[in-house]
Amino acid sequence: GMLLSVPLVAYLKVALLRDTVPSCYRDPILITLEGDRLAPAKYARKRALILPGPGRGPEAEAEEAVAGGAPEATPGDVRLDSARGGAGLAL
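Its first residue numbered 25, the sequence shown is counted upward by one per residue in the working numbering.
Below, the structure is given as structure tokens:
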């Protein structure tokens, strides 16, 4: 039973969390699958952290690098610091 049910529910959840599914359908099913009424809010918060905002994608950073300026560090960004030979965390 578990051999098939776990992958099927995982696939259902991945398919459900796509942008093509409206939230009026997604949220009740997500609450049922997760067993948590806050699941839609947690999903929205996680998605906001993963997806770049306007002007924060790789294209914007590449354009600034070409223009000669480095993109600004935002809290939580990890940047390589070649002068010190390590990575730094912007706070």
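Just so it is clear, CB atoms sit at the ideal spot from N, CA and C, and this is done for glycine as well.
Run the CB neighbour count on residue 36, radius 10 Å, all protein chains shown included, and call it buried at 16 or more, exposed below. Here residue 36 corresponds to residue number 12 of the sequence shown, with the count starting at 1. By the C-beta density criterion, residue 36 is exposed, having fewer than 16 other C-beta atoms within 10 angstroms.
With distance defined between alpha-carbon atoms, name the residue in 43, 49 and 56 nearest to residue 33. Counted from its first residue, the sequence shown places residue 33 at position 9. If we check each option's Cα against that of residue 33, 56 comes out closest.
Look up residue 41 in the DSSP assignment and say whether it is helix, strand or coil. Start at 1 with the first residue of the sequence shown, and residue 41 comes out as number 17. Residue 41 falls in the coil class under three-state DSSP.
Tell me the DSSP secondary structure of residue 49 in three-state form. Position 25 of the sequence shown, counting from 1, holds the residue named residue 49. DSSP places residue 49 in helix when its eight states are reduced to three.
According to DSSP, is residue 71 part of a helix, a strand, or is it coil? Numbered from 1 along the sequence shown, position 47 holds the residue referred to as residue 71. It is helical.
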